[in-house]
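Below: one structure, written as structure tokens.
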Amino acid sequence: MEDSAPSTVVRGTLITCNRTLRIPAVNSGVTAVTFFSIREFVVSPLLVHTLPWPQYARRRAALGVSPHPSDPPQVAEPPTISDLRKHKTLDSGLSGALTGGVLRGWKSGRKAVVPGALTVGALCTLLQLAYNEAGVIRLRYISGLNEPARATSSTSPSKSLGERFLGLFGVRQVTDEQYLVKLKATRDAHLTRIAELEQQLATEKQKAEDDSTTTSS
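Sequential numbering from 1 applies to the sequence shown in full-length UniProt numbering.
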């Protein structure tokens, strides 16, 4: 049995009674106490001691229970998102089935045991999945708040629609540094071309002078 089992029973009973306003408080309280007691004191300890799945192997390690022969080697690894989504779903489903069968059978007779077990078991499984998903969303939200600001600043800003449209035609946005480099390269190319033209003019002028000197002679 987990150390938090008594507090889980009390907390779950109070939450159930508080949220089922349309159901008489006594009925909802009895249902909640029955469900959480069965889950925390019967079903969960039984599953933790018998099943070799990673979820129960992790819970065995946390409780100090002897490991199962089939326990996977990655017990020490933190649970994945998939593990968090499946946490205690089997426990809640079986506990809901037992609770529904017992209470429906006690109230409506033996014929209502199986329908009550199936209905309440499925409902408890869905509620556990919804509870787990809410926990995953909360963890993701908290982890998003704790991310360093530099991670946000280092990400490149998304391109606007106009920039993406111009990109289809080969037009790319450049930074000021890139533009300055291009200007310097263009200037150097022009200066080189001017020097070549000046050299060419000087050569032609010299040749013309030589030709005129030869003609005069």
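For every residue, glycine included, the Cβ atom is placed at its ideal position computed from N, Cα and C. Nothing here was measured: the structure is a model prediction, and the numbers come from that model.
Report the option in 93, 87, 208 and 99 whose CA atom is closest to the CA atom of residue 33.
99
Buried or exposed by the 16-neighbour rule on C-beta atoms within 10 Å, applied to residue 220
Because the chain spans 1 through 217 in this model, residue 220 falls outside it and cannot be assessed.
With a Cβ-Cβ cutoff of 7 Å, do residue 128 and residue 88 count as a contact?
yes
Less than 7 Å separating the beta-carbons of residue 94 and residue 43?
yes
In the DSSP assignment, the alpha helix (DSSP H) including residue 129 goes from what residue to what residue?
Membership of residue 129 in the alpha helix (DSSP H) is indicated by the continuous run 113-145.
Helix, strand or coil for residue 37? Go by DSSP, reduced to three states.
helix
Rounded to whole angstroms, what is the Cα-Cα separation between residue 212 and residue 200?
18 Å
Shortest alpha-carbon distance to residue 80 belongs to which of 115, 114 and 135?
Selection 115, 114 and 135 evaluated against residue 80 yields 135 as nearest (Cα-Cα).
Apart from the five residues just before and just after residue 113, which ones in its own chain have a Cβ nearer than 7 Å to its Cβ?
101, 104 and 105
Roughly how many whole angstroms lie between the Cα atoms of residue 190 and residue 205?
22 Å
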